[in-house]
Amino acid sequence: MAALRSSVPHPSAAELRLWKLDTFGELRSLRAALREAIETQQTAEVDDLFDKMAVVATELATNALRHGLPPTEVRLLREDDHLILDVADHDLGTLPEVDEDRPLGAGGLGLQLTKTFAIDVGWYIADETKHVWASFPG
């Protein structure tokens, strides 16, 4: 397994939306609200951007719900021409790792998909929370 790069994303990014999740059932509402938030940002090619961001938001939130400690917080941030998803949980003892050797269909591909769809990915710890983030052109 490969460690995900530790770094704080875009320190001057502005928070556009915040969602707190306690269950997997809330992922559907997250995706719907994310689409609305992206559309209000008037980004070009909303459908393609939304598809990629929805997969990443779902995968990162699922990882946080499954492997982290509640509550899971998903933030949508903007800095200049980037939209950033920042997903946090409260388990500081589990670090995000990419399992690059896992075969397709074996599960556990969330961080691999994130690295495929995002232009940059990383993680950091702040205020008793672990954050995994991904940035997109927006």
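The working numbering puts the first residue of the sequence shown at 944, with every later residue one more than the last.
Ideal Cβ placement from N, Cα and C applies to all residues, glycine included.
Predicted, not measured: the structure shown is a model, and the values here were computed from it.
Where does Ala957 fall in DSSP's three states?
As a working mapping, residue 957 is identified with position 14 in the sequence shown. The answer is strand: DSSP assigns Ala957 an E or B state.
Starting from Gly1065, follow its DSSP beta bridges and name the residues at the other end.
Against the sequence shown, residue 1065 aligns to sequence position 122. Note: Gly1065 sits in a beta bridge opposite Trp1076.
For a test of the three-state rule: what should DSSP assign to Asp990, helix, strand or coil?
Sequence index remark: in the sequence shown, residue 990 carries index 47 (1-based). Of the three classes helix, strand and coil, the one that applies to Asp990 here is helix, per DSSP.
Rounded to a whole number of angstroms, what is the C-alpha to C-alpha distance between Leu1035 and Leu1003?
If you number the sequence shown from 1, residue 1035 lands on position 92. If you number the sequence shown from 1, residue 1003 lands on position 60. Spanning the two alpha carbons is a distance of roughly 16 angstroms.
Own chain partners of Ser955 with C-beta closer than 7 angstroms, once the 5 adjacent residues on each side are dropped
Here residue 955 corresponds to residue number 12 of the sequence shown, with the count starting at 1. Counting only Cβ-Cβ distances below 7 angstroms, and skipping sequence neighbours, we find Glu1022.
Return the first residue and the last residue of the beta strand (DSSP E) that Val1019 is part of.
Translated into positions along the sequence shown, residue 1019 becomes position 76. The amino acid at residue 1019 is misidentified as Val; the sequence shows Leu. Per DSSP, Leu1019 is one residue of the beta strand (DSSP E) stretching across 1015 to 1022.
Please identify the residue among Glu958, Ala1031, Phe967, Arg1009 whose C-alpha is closest to the C-alpha of Gln984.
Here the question's residue 984 lines up with position 41 in the sequence shown. It is Glu958 whose Cα lies nearest to the Cα of Gln984.
Per-residue burial, Ser972 [other beta carbons within 10 Å of its own, 16 or more giving buried]
By one-based count along the sequence shown, residue 972 stands at place 29. It counts as exposed.
Span separating the alpha-carbon of Pro1014 from that of Thr966
The residue given as residue 1014 occupies position 71 in the sequence shown. The residue given as residue 966 occupies position 23 in the sequence shown. One Cα belongs to Pro1014, the other to Thr966, and the distance between them is close to 9 angstroms.
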